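Following: one structure in structure tokens, then a few remarks.
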Amino acid sequence: MKYGYARVSTTDQKLANQIELLKLAGAEKIFQEKFTGTTTERPEFQKLLRVLKTGDTLIVTKLDRFARNTREALAIIQELFKEMSKSTF
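Every number in the working numbering is 3 more than the matching position in the sequence shown, counting from 1.
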């Protein structure tokens with residue numbers, strides 16, 4: 004399954020552009036939210052992480068929609084790989 008994740012930080016910002024790009028990239032289900040990126044404890048982001056499984060694809064339009072910085076992105080990706088490797092046994 005191809006999942007997309009779209010996020011804006013304030014209610015004044017629009018998700019439409021990100022959603023359009025995610026659809027063009029082939030996202031079949033898109034998780035979206037208006038929530039600060041200063042924490043990974045974002046409700047829709049956490050739902051997305053729970054549904055991802057081995058073989059799925061996660062699409063984001065920009066890295067800063069997914070994580071605050073490269074270090075945080077790598078930590079999230081590493082955790083996903085760790086969790087997915089547990090579920091294959």
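For glycine and all other residues, C-beta sits at the position ideal for the given N, C-alpha and C. Note that the coordinates shown come from a computational prediction; the quantities given were computed from them, not determined experimentally.
For residue 35, the enclosing beta strand (DSSP E) has its first and last residue at 32–37.
Per DSSP, the beta-bridge partners of residue 11 are 37.
Only buried fits residue 11, as 16 or more other CB atoms lie within 10 angstroms of its CB. Taking the C-beta atoms as reference points, residue 21 is found nearer than 8 Å to residue 68. Note that the C-beta distance between residue 65 and residue 87 is not below 8 Å. Here residue 5 carries a strand assignment [DSSP, helix/strand/coil].
The criterion of a C-beta distance shorter than 8 Å is satisfied by residue 47 and residue 36.
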